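What follows is a set of notes on a single structure, which appears directly below.
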Amino acid sequence: MTSASSIVSAELAAWLRTAARPVADTEPGFVGPDLDELVESLGSATIVGLGESTRFSRQTYGVRERLFRALVERHGFRALAIQDSARSGERLDEYVRTGAGDPEAALAGAWRPLRTVEMVETLTWIRLFNQQHPDDPIRVLGVEPPGAEPSDYDAVLDYLRRVAPDRLERAESHLSPIRTAHQIDEHVQRHQGIHPGRPFAEHARDALALLDGLPDSDEHRTARAHARLIVDFHEHSVAGQGGFARDERPSAERVIEWQRETGAKIAYWDGIAHVSAQALGVGSAAGEFRGTGAHLRDHFGTDYVAVAIGFHHGDLGMAQAPRPRPELVDALLGEVDLPAFAVDLRTAATESVDAWRHAPAELRTISGIYDPAKDAEAHISVPSLAGAFDVLVHIRETSPVQWLPTFSG
54 MTSASSIVSA ELAAWLRTAA RPVADTEPGF VGPDLDELVE SLGSATIVGL
104 GESTRFSRQT YGVRERLFRA LVERHGFRAL AIQDSARSGE RLDEYVRTGA
154 GDPEAALAGA WRPLRTVEMV ETLTWIRLFN QQHPDDPIRV LGVEPPGAEP
204 SDYDAVLDYL RRVAPDRLER AESHLSPIRT AHQIDEHVQR HQGIHPGRPF
254 AEHARDALAL LDGLPDSDEH RTARAHARLI VDFHEHSVAG QGGFARDERP
304 SAERVIEWQR ETGAKIAYWD GIAHVSAQAL GVGSAAGEFR GTGAHLRDHF
354 GTDYVAVAIG FHHGDLGMAQ APRPRPELVD ALLGEVDLPA FAVDLRTAAT
404 ESVDAWRHAP AELRTISGIY DPAKDAEAHI SVPSLAGAFD VLVHIRETSP
454 VQWLPTFSG
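Read in order, the letters of the sequence shown correspond to residues 54 to 462 in my numbering.
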């Protein structure tokens, strides 16, 4: 006897095979006809969130980059919003606008997952586009508030070296271990077993306190501003907050303000948890993370479109990701016999398929603290698949991104 659940599963699998649109090329670069239908479905939006389930896959990056190029060339998108601080975004924007320096140098102070050969290629392409379209350039913006960078640590130490050399050694003892978080995040250091022990935010606050009682001057106020940035950086990090949960309203407001001031159509690059149009749960915690995409959907309505780019299995460089657990959306998508494809969740479907699309769902996510032995923890939970994402892109097998020499893993 055939069960009702097996009938629904067969119907869903049949719909997926029909709805799936093959993606022929997952390498960054050339925009071919395989993306035509998907790009047309995205092009009328004001903001398109292009989210990856991992930052370690060349193929998820490649599809995202190809979609970005197509949106630029065919639908007039003229801004790329990235998960990085405003200060870093300004350097990247300076390079693509003026060509000053080189992309590797511009990325040296960027958020670690951006420091890849693939991102260099993207910035080089944007720079070339801007040279060919000087009156209609692509801009780059970091959506995070201005954050601390290694130069801030140097500024604090240089000030103490001149004004209070007796405090310099103590300041160095606090700042030296924690500036390593600009190469490897504090929570990743804990995961890898290389963390020195004391929370970095405590060290940062102690370094700030060493400026107390020194003569008031412009130089002193500047040094305190640098130290305050360092404290904020560590207090608001994943380790400093005790987890990934946070409300990303400030990042969304940055995108909204940019769009209001420039009128530009914007591609927003981030992880799928951040581009999701709904609040969600991370790992075993439910309903605790309200990402940038959720706020953008509140503001722009359906003029904000969210795309989730995921994969089935493969090499991520830092780990081999196994086949996804059966309950994950990624496992179901893996049953479609295509190396890469897109499914538009807004297309017409049967009642049972609609029920699946609007039901709660779990999707694989792999971060810098991924452990294959704990693969069951590597997912996000959304209250409605179609409520969170308008389009799913699935890639069967992945290979690693190429890290720049200044950063590996």
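Think of the CB as a built atom: it goes at the ideal place given N, C-alpha and C, for glycine as much as any other residue.
If you're wondering where the values come from, they're calculated on a predicted model, not measured in any experiment.
- In terms of Cα proximity to I325, the closest of P453, I419, S204 is I419.
- Cβ contact annotation for A139 (same chain, cutoff 6 angstroms, sequence separation greater than five): G195, P199, in chain order.
- Following the DSSP letters along the chain, one finds G195 inside the beta strand (DSSP E) bounded by residues 192-197.
- As a beta-bridge residue in DSSP terms, V360 pairs with L103, V444.
- Runs of the beta strand (DSSP E) lying entirely within the region 395-443 and spanning at least 3 residues, in chain order: 414-417, 432-435.
- Per DSSP, Q312 is one residue of the alpha helix (DSSP H) stretching across 302-315.
- Following the DSSP letters along the chain, one finds A254 inside the alpha helix (DSSP H) bounded by residues 253-262.
- Selection A77, E288, E450, L124 evaluated against P252 yields E288 as nearest (Cα-Cα).
- Non-local C-beta neighbours of H411 in its own chain, meaning closer than 8 angstroms and more than five positions away in sequence, comprise S437, L438, A439, G440, ordered along the chain.
- The three-state secondary structure of Q331, taken from DSSP, is coil.
- Comparing C-alpha distances from M371 to each of G387, D407, D424 shows the shortest one belongs to D424.
- Rounded to whole angstroms, the separation of the alpha carbons of H248 and D219 is 28 angstroms.
- With respect to L91, V382 sits apart: the two C-beta atoms are not nearer than 8 angstroms.
- Per DSSP, reduced to three states, the secondary structure at A132 is strand.
- Looking only at S94, P75, V84, G85, the smallest Cα-Cα distance to T400 is reached by S94.
- It is roughly 12 angstroms from the alpha-carbon of A260 to the alpha-carbon of L282.
- Bounds of the alpha helix (DSSP H) holding D205 are 203-216.
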